[in-house]
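Reviewing the structure listed below.
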Amino acid sequence: MARLPLEGIRIIDSTYVFALPYAGGLLADFGAEVIKVEGPGRPDVTRTGGYAGAFPENDLGDDWWNRPSTYNLIHRGKRSITLDMTDSRGRDYFRDLIKISDVVMENFTPRVMRSWDLDYPNMKKIKPDIIMVSNTGYGHGDGPYSSYPAQATTQEATHGHCWITGHVGEGPAKAGASFVDFLSTWTALFAIGSALRYRNKTGQGQWADLGMYQSGVMFMSEYIMDAQVNGREGGRMGNRHPYRAPQGCYPALGDDRWITLSVGDDQGWADLCQLMGKPELSKDPDFADLLSRQKNHDKIDEIIGQWTISVDRYELMHSLQGVGIPAGPVLNSKDVHYDPQFKSRGFLERVDYPKERQMGSRLFIGRPYKFSNSPLAIQGPSPTFGQHNEDILQGLLGVNGETYESLVKDAVIATVPTTGEAAPRIPQEEALQRGRLADWDPDYLQNLGLV
Amino acid sequence: MTSTQSPQTSPLPTPLPHGPLDGVKVLDLSEDIAGSFSGRLMADYGADVLKIEPPTGASLRRMGPFFGDDPHPEKSLFYLLMNLNKKGATLNLETVTGRNILRRLVPHVDVVIESYRPGYLADLGVGYEDLQKENPALIMTSITPFGQTGPYSQYKGEEVVNYAMGLIMSISGVQGKEPLKHGGFQAQYEGGLNGAASTSMALFLAGEIGKGQHIDVSITECVASSAMATQTMYPFMGGTLPRRPATGSNFGHPMPCKDGWIIVQTGGGASWADIANFFGDPQLLEPKFAEPAQRLRNTAEMDQVVLESIKERGKWDLFTKAAEARMLFGLVQTPSELLECPQLESRNFYREIEHPVIGKVKVPAVLFNLSLTPYQFLRPAPLLGQHNAEIYVDGLEYSSEDYVRLRQLNVI
Numbered sequence: 000m001a002r003l004p005l006e007g008i009r010i011i012d013s014t015y016v017f018a019l020p021y022a023g024g025l026l027a028d029f030g031a032e033v034i035k036v037e038g039p040g041r042p043d044v045t046r047t048g049g050y051a052g053a054f055p056e057n058d059l060g061d062d063w064w065n066r067p068s069t070y071n072l073i074h075r076g077k078r079s080i081t082l083d084m085t086d087s088r089g090r091d092y093f094r095d096l097i098k099i100s101d102v103v104m105e106n107f108t109p110r111v112m113r114s115w116d117l118d119y120p121n122m123k124k125i126k127p128d129i130i131m132v133s134n135t136g137y138g139h140g141d142g143p144y145s146s147y148p149a150q151a152t153t154q155e156a157t158h159g160h161c162w163i164t165g166h167v168g169e170g171p172a173k174a175g176a177s178f179v180d181f182l183s184t185w186t187a188l189f190a191i192g193s194a195l196r197y198r199n200k201t202g203q204g205q206w207a208d209l210g211m212y213q214s215g216v217m218f219m220s221e222y223i224m225d226a227q228v229n230g231r232e233g234g235r236m237g238n239r240h241p242y243r244a245p246q247g248c249y250p251a252l253g254d255d256r257w258i259t260l261s262v263g264d265d266q267g268w269a270d271l272c273q274l275m276g277k278p279e280l281s282k283d284p285d286f287a288d289l290l291s292r293q294k295n296h297d298k299i300d301e302i303i304g305q306w307t308i309s310v311d312r313y314e315l316m317h318s319l320q321g322v323g324i325p326a327g328p329v330l331n332s333k334d335v336h337y338d339p340q341f342k343s344r345g346f347l348e349r350v351d352y353p354k355e356r357q358m359g360s361r362l363f364i365g366r367p368y369k370f371s372n373s374p375l376a377i378q379g380p381s382p383t384f385g386q387h388n389e390d391i392l393q394g395l396l397g398v399n400g401e402t403y404e405s406l407v408k409d410a411v412i413a414t415v416p417t418t419g420e421a422a423p424r425i426p427q428e429e430a431l432q433r434g435r436l437a438d439w440d441p442d443y444l445q446n447l448g449l450v
Numbered sequence: 000m001t002s003t004q005s006p007q008t009s010p011l012p013t014p015l016p017h018g019p020l021d022g023v024k025v026l027d028l029s030e031d032i033a034g035s036f037s038g039r040l041m042a043d044y045g046a047d048v049l050k051i052e053p054p055t056g057a058s059l060r061r062m063g064p065f066f067g068d069d070p071h072p073e074k075s076l077f078y079l080l081m082n083l084n085k086k087g088a089t090l091n092l093e094t095v096t097g098r099n100i101l102r103r104l105v106p107h108v109d110v111v112i113e114s115y116r117p118g119y120l121a122d123l124g125v126g127y128e129d130l131q132k133e134n135p136a137l138i139m140t141s142i143t144p145f146g147q148t149g150p151y152s153q154y155k156g157e158e159v160v161n162y163a164m165g166l167i168m169s170i171s172g173v174q175g176k177e178p179l180k181h182g183g184f185q186a187q188y189e190g191g192l193n194g195a196a197s198t199s200m201a202l203f204l205a206g207e208i209g210k211g212q213h214i215d216v217s218i219t220e221c222v223a224s225s226a227m228a229t230q231t232m233y234p235f236m237g238g239t240l241p242r243r244p245a246t247g248s249n250f251g252h253p254m255p256c257k258d259g260w261i262i263v264q265t266g267g268g269a270s271w272a273d274i275a276n277f278f279g280d281p282q283l284l285e286p287k288f289a290e291p292a293q294r295l296r297n298t299a300e301m302d303q304v305v306l307e308s309i310k311e312r313g314k315w316d317l318f319t320k321a322a323e324a325r326m327l328f329g330l331v332q333t334p335s336e337l338l339e340c341p342q343l344e345s346r347n348f349y350r351e352i353e354h355p356v357i358g359k360v361k362v363p364a365v366l367f368n369l370s371l372t373p374y375q376f377l378r379p380a381p382l383l384g385q386h387n388a389e390i391y392v393d394g395l396e397y398s399s400e401d402y403v404r405l406r407q408l409n410v411i
């Protein structure tokens, strides 16, 4: 009876970079057949250059374009076809694919899909109940920025997040990497789940037009309201909370080890003082009162930091949580693989590659939710470039052998990208020295049980 | 109106079809940001969402900002934002009667959203297992800091803790200082969006097979999912990414100009020559900056040249010129600039609403645009218990005597 939600749904994923490609990977986890479409001369940027991430054992291997970590995380469980969309044959097969699909995702600039007659009104002519999902920086339409180039890194400033991110008394800052991409990833899933349900009920498809800028601004809503009705511009408060105090990120025992905690009431403060071995502070008028703690936050931070710096971060978390104070260590890309909570929930999923891929076994982020009745899971490794050209063109679309050969000969399809190159690799020791890596564990495969 | 009338000749505007979740009924038991946002997104796209609060009001009603800085329970702007388009009733789940009423509501709904401590509802006898007996197609979406299972499931979360354990802080901020979280409550919004997204998938399946399920969303795992480009460094090559150095890496980070901050990145449609020309300093064409590999070694020097060249220039002028040069470029906007943004205007992003206590305000409304069943504003957030009579008297058919009793017994 257990069934994946999107079994039997076919999705064309003609998207690049992070946002919708990652949605495509998650849609495959949900059971959809996801077909990634790339141009022979337009490989996804997660295969090339600075977006690629790491290579297995820092080794480009023979087919470097199939090996980058970011490409492999995002494109898990998909099928891959190459089609040169600048060739009319490529566009014709793309149209044929649309006819037999439920959803098409694309993130070209608005002008491109129009020029190929593949904007929504035209797509609807090809398949009347198609669900189309577009993702652009500023959204389609006639707005002043609609044609502006955009990408998550620079949009983080424009959609307001940098304004509210940063240490107290310092300039705006960024957090994480490519934040707003993920908002589009998750919005696309919501749009697709809802639109598919509507289509099954009414027989009608539609166009979901996502603008990353807009979703970024949505996550600023309370600041915008405060500005509107109270004339307050918000700003930066580091790791502090608007009314809970103390809250912050403090050094723990060891190099670059940190603990976060947040106290919101008098009992929490008394318990914290007890744990710090300074019960008298809970009676000290400078700290005893909620408002005085807010006022003397700097002083409290110093006191807390003097305690935490000589205690292990996990020990801190367990003792603080033990008395009901929200607390947790800062986890990095290594820590998350060994943390008991993430391990217990199987958040990182193992993917075993076929031998000929020479990729071994790797762990990837799964999904931030579990379903009690649908065994959601990564369905398999990422495909190699054009791996399913033959299956899809000959098997699914019925292209004959002779025509297929001419497509190969004319580079309408390919299994090796005709452009792009791998980012130069830096040896691990040098990367450490130059501060490109914070840490390097040479025994990671053994430690992760991936040998 | 008959179907033969065209919209032009009709005396009334053509009604829009309801959203893609039309017909879906949701009980939103959550008191926090994440669960409430999840319910709001479903309401925005057509679901009929009923907010259920304790008689004292959801805790979000005590969270600012407040309208006119007046901390009145009907003036929390956070509550307003997270509960747009919902109806609202009060119900005390800590009473047997309250729980019986919940059990009577459950057969009429498709989804229950909740964000209590894992096990809390089950301890009261209204966990997923219990409620599913009343309605086998029921979907329950639980959104909590660490999820329903695992050694930390009973631990308490706060935004800063979700951010710390969700990897993002390890790469945010600069070396030599403590790691930094995003401003605001991004993790809670992320939990809400993922709650809505996962629920839409379960609803699609339930429509096919008539069976629901329990969805267990972990807010910390939502944050960690946005660390996608970071996580794989370890299982691929044993590496851990650092925070950036405090100096010499300004590209991709805010830089001060005359009247604010801008941010620039290489790539997009602009060549290095375009970028050098934009900043207007010929030094940038020298190989030590023009060559990507050399540029990486001379970042500190390059930062100086760039900062000098923008120090007397305004952010809006830079923003427009950068777009002409097809550069990847941003400027740090303030909340009031976002409020007046012409691009958001063109997308019809804000809606003016009228709230019975707050009055007229403009709210950020539309997460994404849909062609056939677009976002619709139907109602502001409910006043405390606003729809009690509609739900309990009209809906569940309690007599008016019993309805009054329920109030007096602190059930509603």
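As given, the protein sequences belong to chains A and P, one line each in that order.
Residue 423 in numbering that gives the first Met the number 0 sits at position 424 of the first sequence; the count goes up by one each step and never skips.
Residue 218 in numbering that gives the first Met the number 0 sits at position 219 of the second sequence; the count goes up by one each step and never skips.
C-beta: ideal position from N, C-alpha, C; glycine also.
Remember, it's a predicted structure, so these values are computed and weren't measured experimentally.
| query | result |
| --- | --- |
| Using the Cα positions of A:L96 and A:G385, report the straight-line distance between them to the nearest angstrom. | 15 Å |
| Any idea what DSSP makes of A:N65, helix, strand or coil? | helix |
| Alpha carbon to alpha carbon, how far is A:C248 from A:I377? Give it in angstroms, no decimals. | 34 Å |
| Apart from the five residues just before and just after P:G394, which ones in its own chain have a Cβ nearer than 7 Å to its Cβ? | none |
| Span of the alpha helix (DSSP H) holding P:T231? | P:T231 -> no alpha helix (DSSP H), and no H or E assigned at all. |
| Quick one: Cα of A:N229 to Cα of A:Y222, how far? | 10 Å |
| Check the Cβ of P:C221 against every Cβ in chain A and list those closer than 7 Å, keeping chain order. | P367 |
| Where does P:S5 sit, in a helix, a strand or coil, going by DSSP? | Below a pLDDT of 50, predicted positions are generally treated as unreliable, and P:S5, at 39, falls in that range; no measurement from the model is reported. |
| Go through its chain and collect everything with a Cβ distance to A:K173's Cβ below 7 Å, but skip five positions before and after it. | E155, C161, T164 |
| Less than 9 Å separating the beta-carbons of P:F367 and A:Q213? | yes |
| What does A:G38 pair with, by DSSP beta-bridge criteria? | A:R41 |
| Beta-carbon separation of P:G45 and P:I112 under 9 Å? | no |
| Among P:I411, P:R378, P:A380, which residue has its Cα nearest to the Cα of P:V392? | P:I411 |
| Taking the alpha helix (DSSP H) that P:G97 belongs to, which residues open and close that run? | 95-104 |
| What is the rounded straight-line gap between the Cα of P:P234 and the Cα of A:L444? | 7 Å |
| Less than 6 Å between C-beta atoms, sequence neighbours within five positions excluded: which residues of the same chain meet that for A:T417? | P39, G40 |
| Is it true that the CB of P:D27 sits closer than 9 Å to the CB of P:K85? | yes |
| I want to verify the contact list: residues of chain A whose CB lies under 7 Å from the CB of P:Y151, in sequence order. | Q340 |
| DSSP three-state label for A:H158, please. | coil |
| Mind pulling the beta strand (DSSP E) runs of 3 or more residues that sit fully within the region 211-272 of chain P? | 213-217, 254-256, 259-264 |
| For a contact defined as C-beta to C-beta under 9 Å, what are the partners of A:Y15 on chain P? | Correct list: empty, because the minimum Cβ distance to chain P is about 12 Å. |
| Nearest to P:I218 by alpha carbon, out of P:P373, P:S37, P:I357? | P:S37 |
| In the region 307-323 of chain P, which residues sit with their C-beta less than 7 Å from some C-beta in chain A, listed in chain order? | A322 |
| For a cutoff of 9 Å on Cβ pairs, would you count A:L274 as touching chain P? | no |
| At a CB distance below 9 Å, what residues from the region 207-227 of chain A approach chain P? Give them in sequence order. | A207, D208, L209, G210, Y212, Q213, S214, V216, M217, F218, M219, S220, E221, Y222, I223, M224, D225, A226, Q227 |
| Looking at the C-beta of P:P6, does it have a partner C-beta in chain A at a distance below 9 Å? | Below a pLDDT of 50, predicted positions are generally treated as unreliable, and P:P6, at 37, falls in that range; the measurement from the model is reported next regardless. Chain A, which has no Cβ nearer than 9 Å to the Cβ of P:P6, makes this no. |
| Mind checking if A:W257 is an interface residue toward chain P, Cβ cutoff 9 Å exclusive? | yes |
| Are the C-beta of P:S2 and some C-beta of chain A separated by less than 9 Å? | Reliability fails at P:S2, whose pLDDT of 36 lies under 50, so the model's placement of it is uncertain and no value is given. |
| Closest Cβ-Cβ distance between P:C340 and chain A: below 9 Å? | yes |
| Exposed or buried, P:A292, counting other C-beta atoms within 10 Å across all chains shown (16 or more means buried)? | exposed |
| Would you mind working out which of A:I364, A:V335, A:Q340 sits nearest A:R349, comparing C-alpha positions? | A:I364 |
| To which residues does DSSP link P:L343 through a beta bridge? | Note: P:L343 sits in no beta bridge, so no partner. |
| Closer than 9 Å by beta-carbon distance: list the chain A residues that pair up with P:W260, in chain order. | A156, C161, W162, G170, P171 |
| Check P:G329 in the structure and name its three-state DSSP category. | strand |
| Show which residues of chain P have a CB atom less than 8 Å away from the CB atom of A:T186. | L192, A196, L366, F367 |
| Please state the DSSP three-state secondary structure of A:A326. | strand |
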